[in-house]
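Below: one structure, written as structure tokens.
2 protein chains.
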Amino acid sequence: MSETQWLDPVEMRAWRNFVDLIGDLMLSLDDDLRDNGITLGDYEVLVFLSEAPDQRMRMCDLAARLRLTPSGLTRRLDGLVAAGFVDRQVDRNDRRVTNAVLTSAGFEHLVATAPLHVDSVRKQLLNFMTRSQMDHFGAALESIKSGRDSVRSELVDR
Amino acid sequence: MSETQWLDPVEMRAWRNFVDLIGDLMLSLDDDLRDNGITLGDYEVLVFLSEAPDQRMRMCDLAARLRLTPSGLTRRLDGLVAAGFVDRQVDRNDRRVTNAVLTSAGFEHLVATAPLHVDSVRKQLLNFMTRSQMDHFGAALESIKSGRDSVRSELVDR
DNA sequence: TCGCAATAGTTGCGCGTACAATGGTTGCTA
DNA sequence: TAGCAACCATTGTACGCGCAACTATTGCGA
Numbered sequence: 117m118s119e120t121q122w123l124d125p126v127e128m129r130a131w132r133n134f135v136d137l138i139g140d141l142m143l144s145l146d147d148d149l150r151d152n153g154i155t156l157g158d159y160e161v162l163v164f165l166s167e168a169p170d171q172r173m174r175m176c177d178l179a180a181r182l183r184l185t186p187s188g189l190t191r192r193l194d195g196l197v198a199a200g201f202v203d204r205q206v207d208r209n210d211r212r213v214t215n216a217v218l219t220s221a222g223f224e225h226l227v228a229t230a231p232l233h234v235d236s237v238r239k240q241l242l243n244f245m246t247r248s249q250m251d252h253f254g255a256a257l258e259s260i261k262s263g264r265d266s267v268r269s270e271l272v273d274r
Numbered sequence: 117m118s119e120t121q122w123l124d125p126v127e128m129r130a131w132r133n134f135v136d137l138i139g140d141l142m143l144s145l146d147d148d149l150r151d152n153g154i155t156l157g158d159y160e161v162l163v164f165l166s167e168a169p170d171q172r173m174r175m176c177d178l179a180a181r182l183r184l185t186p187s188g189l190t191r192r193l194d195g196l197v198a199a200g201f202v203d204r205q206v207d208r209n210d211r212r213v214t215n216a217v218l219t220s221a222g223f224e225h226l227v228a229t230a231p232l233h234v235d236s237v238r239k240q241l242l243n244f245m246t247r248s249q250m251d252h253f254g255a256a257l258e259s260i261k262s263g264r265d266s267v268r269s270e271l272v273d274r
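In structure tokens:
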């Protein structure tokens with residue numbers, strides 16, 4: 117058992133500021149969206165469905181995309197179905213799967229709220245960054261993500 | 117009502133990768149900590165208390181630091197008190213306030229799990245960044261945070 | 001000094017989500 | 001082709017947290 121390698125000042129600043137910011141940021145984003153009558157979680161469902169081919173996704177794929185468990189997605193869809201934003205359709209080719217499909221009402225609602233959300237993202241984050249910061253930021257995050265993905269694919273689990 | 121200014125590619129990449137990464141990252145961090153018998157949320161309580169003078173904080177201050185509502189903190193402390201990691205002590209000078217105090221058992225537990233958490237932070241994030249990326253990252257996040265703080269203090273609300 | 005507003009914490013209730021168990025469907029293999 | 005394992009979604013249950021209501025304490029102004 118070797119000595120712990122604690123975080124040095126540079127690491128510590130990066131890490132602490134990161135955690136600090138995202139907690140605050142996500143709450144603000146959710147608040148802004150709630151002011152317009154939808155949850156950040158529900159909004160994400162509409163976004164992913166709207167971007168999917170034929171505006172539909174299998175429950176299990178959607179759950180993975182949202183980082184939800186199957187049961188979590190079932191309950192979340194319940195609300196969206198009740199609101200008329202999403203339909204459940206049993207798949208014709210594989211009757212085990214049910215597809216979540218965006219309704220026209222759901223699409224309308226997304227179109228109505230998206231500008232407000234984009235405003236919110238600018239107001240809460242992007243307005244505080246320079247163009248070059250955004251560029252480096254995006255590139256750095258992308259390399260981090262691909263690094264994480266490749267170690268994950270090397271392992272069997274998950 | 118002016119036209120919406122949608123995100124251009126640079127903005128989009130920064131934003132999407134950001135959201136994508138933090139969702140994944142936080143889950144992994146929590147998983148790693150759970151493997152060692154504590155929640156990320158509970159761990160944060162121990163960290164903040166350990167850094168506070170006299171290892172104690174007023175409930176309301178701690179709640180703000182954790183971005184929890186008062187009731188949320190009450191429930192979270194219940195678990196930590198039951199585990200023997202934190203004590204509740206009514207303040208002598210102001211009997212409205214109760215202080216959350218880190219016990220020696222709580223401190224021991226923090227000391228035992230901190231190295232594992234640091235390992236986790238390296239494994240999940242820092243190992244995928246270069247030193248200069250970390251440096252720029254920390255600086256950028258810091259300026260964003262201070263920008264957000266200053267607009268918040270200009271407004272009356274919150 | 002009295003009374004009222006502000007502050008601190010807890011509790012009842014509801015919502016969202018994870019975990020474990022269940023039922024239904026498919027596909028592989030003996 | 002019969003049977004079994006894998007897969008998909010849902011349901012029961014428990015837990016964490018926010019909101020609103022409530023109690024206790026403090027401080028301030030008439």
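Protein chains in written order, with this note's numbering: chain A, 117 to 274; chain B, 117 to 274.
Glycine included, every Cβ here is placed at the ideal spot set by N, Cα and C.
Taken atom to atom, the span from the alpha-carbon of B/L145 to that of B/S236 is near 6 Å. Contact of B/Q205 with chain A is not assigned, every C-beta pair being separated by 8 Å or more. Here B/Q171 really is in contact with B/V217; their C-beta atoms are around 7 Å apart, less than 8 Å. Using a Cβ-Cβ cut-off of 7 Å, A/T120 is close to P231, V234 of chain B, given in chain order. When only Cα atoms are considered, A/R208 and A/M173 end up about 14 Å apart. Listed as beta-bridge partners of B/T214 by DSSP are B/V206.
Shown here, B/M245 sits in coil according to DSSP, grouped into three states, outside any helix or strand. Here B/L149 has T155, L156, Y159, T229, L232, H233, S236 as same chain residues with Cβ atoms under 8 Å from its own Cβ, once five neighbours each way along the sequence are excluded. Close CB contacts of A/L143 within its chain, under the 8 Å cut and outside five residues either way in sequence, are absent. Chain-ordered, the chain A residues with CB closer than 7 Å to the CB of B/V237 read W131.
For A/R150, the uninterrupted alpha helix (DSSP H) run begins and ends at 125-151, by DSSP. Per DSSP, reduced to three states, the secondary structure at A/R174 is strand. Listed along chain A, the residues sitting closer than 9 Å to B/L241 by beta-carbon distance are A130, W131, F134, I260, R264. The C-alpha of B/Q240 is placed about 7 Å away from the C-alpha of A/R264.
Listed along the chain, the chain B residues whose CB falls inside 8 Å of the CB of A/F244 are S259, I260, G263, R264. Taking 8 Å as the cut-off, the Cβ atoms of B/S166 and B/F201 do not count as close.
The beta carbon of A/M173 sits no closer than 8 Å to any beta carbon of chain B. For a Cβ distance threshold of 8 Å, residue set R183 of chain B lies close to A/G139, ordered along the chain.
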